[in-house]
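J.: The sequence shown begins at 1 in full-length UniProt numbering and counts up one residue at a time.
We put the beta carbon where it would ideally sit given N, CA and C, even for glycine.
The model shown is predicted, which means the values in this text are computed figures rather than measured ones.
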Amino acid sequence: MVFNKVWEATKWTAETARGAAYVLASPGQPIPDSKIYPRMPARPWTAAEWFRMASWRHMWQYLPVMRYYVFSGFILYGVYKFVLPLFFQPHHKVLYKKGKEDAHHHEVEHWYGIRQKNQDKEYFKKYNPLHKAGDDVGHLH
C-alpha cells in the first residue's frame, strides 16, 4: 500500500516535471485540451480548490483592495525584515552575537592562561619558594 502511494507520487512528479520541461523547451506550442473526468464536481469543495480556482487576475485588475493587501504585505515584510532589526533585535540573534563575542574572549583568556602557566613554570624553576634549606635554588651554581 505504501509502495503503491510512493509509486503513484513518483509517476505524478515525473509527469509534471516532463510537462514543465516540454513547456519551457517549446513555449509557442498550443495548449493541449485538458483531460477532465466527466463526473468531476462543478464547484470546488475544499479550501485548496477554492484557492486554486479563485480568479486572481480578475481580482488584481478590478479589486483595488487586492492590490492594497499585496503591496501592504510587501511593505510590512520589508519593515519586519530590514527596519525593525535595527531597533529591536530578536532574542535569538542577540544571544548568537553575544555567544560569538564571548567565545572570542574566552579563547583569548585561554591563551592568556597558557602563557601564564608557562611563565609560572619558568619562574618556579628559577625561584622556588618551597625550597628546603641547602637546596640549590635556580640551578645557577
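#1: How close, in whole Å, do the beta carbons of Arg-52 and Trp-60 come, if the pair is a contact with beta carbons under 8 angstroms?
#2: Out of curiosity, what's the CA-to-CA distance linking Ser-34 and Gly-28?
#3: Any idea what DSSP makes of Gly-78, helix, strand or coil?
T.: A quick look at the data gives this:
#1: Rounded, the Cβ-Cβ distance is 16 angstroms, inconsistent with contact.
#2: The C-alpha of Gly-28 is placed about 18 angstroms away from the C-alpha of Ser-34.
#3: DSSP, read as helix, strand or coil, puts Gly-78 in helix.
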